[in-house]
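Below is one structure; the comments refer to it alone.
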Amino acid sequence: MELFEMFTPMAFVLVVFGVFVGIIFGSIPGLTATMALAVFLPLTFGMDLGEGLALLIGLYVGGISGGMIPAALLKIPGTPSSVATTFDAYPMAQKGFAEKALKIGIVASVIGGIISLVVLYFFAPVLGTVAINFTPVEKFLIILFALTIIASISEKSMLSGIFSGMLGVFVSLIGVFPTNNELRMVPSFLEDYLWDGFSLLPVLIGLFGISEILRNSEQGLKTDKSKKVTLKKAKTDPEARFSLKAFNGQTVNTIRSSFIGTILGILPGVGGSAASLMSYSQAKNFSKQPQKLGEGSREGIIASEASNNGLTGGAMVPLLSLGIPGDSTTAVLLGAFVLQGIQVGPLFIGDNPDLWNGMIIALLFANIVMFLMMFTSIRYFARIIEIPKHVLFPIILVMCVVGSFAINNGVMFDVWTALIFGVLGFVFMKIGIQITTFLIGFILGRDLESNFLDSMQASGGDLFVFFTRSPIDWVLWALIIGSVVFGIMSNRKNSRSAPDAATDSAAV
């Protein structure tokens, strides 16, 4: 029963509310789970940390799952992690089986979420125990590995990923220099505000709240519903009804996809879109009828939805055991810990067992609530895509501004920070700088610097300490070099395939 002690009745209510609101955010193209967490993060300031995390975890699970609704009905992924869901859910919906497609996705989602939760529960404490013995040298190399792996799987190119991450590191270094307490890169009129650099929370709100509003406003606030498929009653057509028979022969696909999502979630910065696409690719490779994927196959829906919900638990492993966010959404969760003055990392689970148990129960309940809520009310949630964005976005913008102002008890500079980073985030999207990579660089930059300085101080300024201290360092360097080589090879492969794709499209 100790596991349930931190999960209060209010925490349960907040999980239910979070899942409900998260589904709404995920269901509306242009809104994401990360945006939901960024907007609601300031509300957790006055809450008990366990209850605040319950709300954010509910938003996380609901937001990821809700993305399947527009993916199936509009052929528009509601969240980046739902991109592969469109490949088969929409064709199945076009055949008149929209409700069946969505319910297959819902069941796959809850299975993926629970499998990732089991991995989180057993693996994070082990990793945290190992990490306790890390010196500043190992910590520096782990952060460097996290940054290189983020760059290596960059959506654009590895060079773009490296630049985005290093830009985030550079911005994080604005403020006081730790060795001599002198300010750097700070104008004299901002010294009172930037002594410790930019506050994380206004930066999060700007990058994932305000910038998305600007991007959607530029594209137009109307969602293209010309491709919309409605949910038809399945009573007259037995084939259109959902039953668990849809999962016959799909046990391996479901478990494999869940583990792919979980494992990729553990790697910092991979993201749900990469996880769902890789799971979809593996489902196609192992399918007995691969030609049917892309034509409304249950295999494709299961692969995509099991993997993107498998990501939820996986992404929390590096956050809680190493202090490194696994994706943009867990970066916002990190903001909740910052608000409460609690440091995540190797000592977190051992020092905060009640909070750790509460998070596990919150994740479990969030997946169960998501399943019950979406499975029984999918017809009502499907109508959410009708909500006009010109009504929603002004409300969200006001919440972003008010939340930024309230974080530090009414510091106007935080509002300006959120607005500035909102504009910067919009500009980043336009010029190809990846916001998630920038953010993780921003979060890890100070730790990268402090561990480097501590290592140099302990070694008397000997740079070889990063190569000769222990075999663990050699393993980490091998991983760093391997991620760089992987990134280079992937870029070359993509550059070679691009002309072929262009030729094929021209031929068509």
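Under full-length UniProt numbering, residues 1 to 508 are what the sequence shown spells out, in order.
Idealized CB from N, CA, C, for every residue including glycine.
Model, not experiment: these values are computed from the prediction.
Could you tell me the distance, in whole angstroms, from the CA atom of residue i to the CA atom of residue j?
| i | j | result |
| --- | --- | --- |
| Pro125 | Glu51 | 22 angstroms |
| Gly105 | Asp447 | 39 angstroms |
| Gly165 | Gly445 | 9 angstroms |
| Asn352 | Gly335 | 17 angstroms |
| Gly96 | Ile149 | 42 angstroms |
| Lys245 | Asn367 | 22 angstroms |
| Leu120 | Met359 | 11 angstroms |
| Phe393 | Ser27 | 14 angstroms |
| residue 534 | Ala33 | Residue coverage of the chain in this structure runs from 1 to 508, which leaves residue 534 outside it and unanswerable. |
Would residue i and residue j be called neighbours here (beta carbons separated by less than 8 angstroms)?
| i | j | result |
| --- | --- | --- |
| Ser243 | Ser276 | no |
| Ala84 | Tyr380 | no |
| Ser116 | Leu311 | yes |
| Leu214 | Gly422 | yes |
| Gly58 | Phe122 | no |
| Val369 | Val19 | yes |
| Leu53 | Phe40 | no |
| Ala36 | Val21 | yes |
| Met158 | Ile488 | yes |
| Glu305 | Ala93 | no |
Go to residue i, then tell me how far its alpha helix (DSSP H) extends in each direction, as first and last residue.
| i | result |
| --- | --- |
| Gly345 | Per DSSP, Gly345 belongs to no alpha helix (DSSP H) and is neither H nor E. |
| Trp195 | From DSSP, Trp195 is part of no alpha helix (DSSP H); its letter is neither H nor E. |
| Asn367 | Pro353 to Phe381 |
| Arg469 | That residue, Arg469, is in no alpha helix (DSSP H); it is neither H nor E in DSSP. |
| Thr148 | Pro136 to Ser152 |
| Leu59 | Leu49 to Gly66 |
| Pro9 | Pro9 to Ser27 |
| Leu267 | No alpha helix (DSSP H) contains Leu267, which DSSP labels as neither H nor E. |
On the three-state DSSP scale, how would you describe residue i?
| i | result |
| --- | --- |
| Gly323 | coil |
| Gly175 | strand |
| Arg184 | strand |
| Pro91 | helix |
| Ala234 | Summary for Ala234: the model assigns pLDDT 49, below 50, so the residue's position carries little reliability; its value from the coordinates is reported in the next sentence. Ala234: coil per DSSP, three-state reduction. |
| Ile433 | coil |
| Phe242 | coil |
| Ser217 | helix |
| Val411 | coil |
| Ile132 | coil |
| Arg492 | helix |
| Ala329 | Here residue 329 turns out to be Thr, not Ala, going by the sequence shown. In this structure, Thr329 counts as helix in the three-state DSSP scheme. |
| Thr312 | helix |
| Ser276 | helix |
| Glu449 | helix |
| Gln289 | coil |
| Pro318 | helix |
Using only alpha-carbon positions, find the residue among the options that is nearest to residue i.
| i | options | result |
| --- | --- | --- |
| Val137 | Ala478, Ser455 and Val475 | Ser455 |
| Phe375 | Thr34, Thr32, Gly62 and Met10 | Gly62 |
| Ile396 | Ala38, Val16 and Ile23 | Ala38 |
| Ile342 | Phe45, Phe40, Val119 and Phe17 | Phe45 |
| Ala98 | Met489, Ile301 and Thr312 | Ile301 |
| Leu479 | Ile378, Leu147, Tyr121 and Tyr90 | Leu147 |
| Ile387 | Val19, Ala11 and Ile24 | Ile24 |
| Glu212 | Val427, Val15, Ile440 and Met92 | Val427 |
| Leu207 | Val317, Pro471, Val107 and Ile435 | Ile435 |
| Phe464 | Ile210, Arg383, Leu141 and Thr86 | Leu141 |
| Leu439 | Val203, Leu31, Lys75 and Ala54 | Val203 |
| Gln250 | Glu299, Gly209 and Lys288 | Glu299 |
| Leu424 | Asn309, Asn451, Val171 and Ser257 | Val171 |
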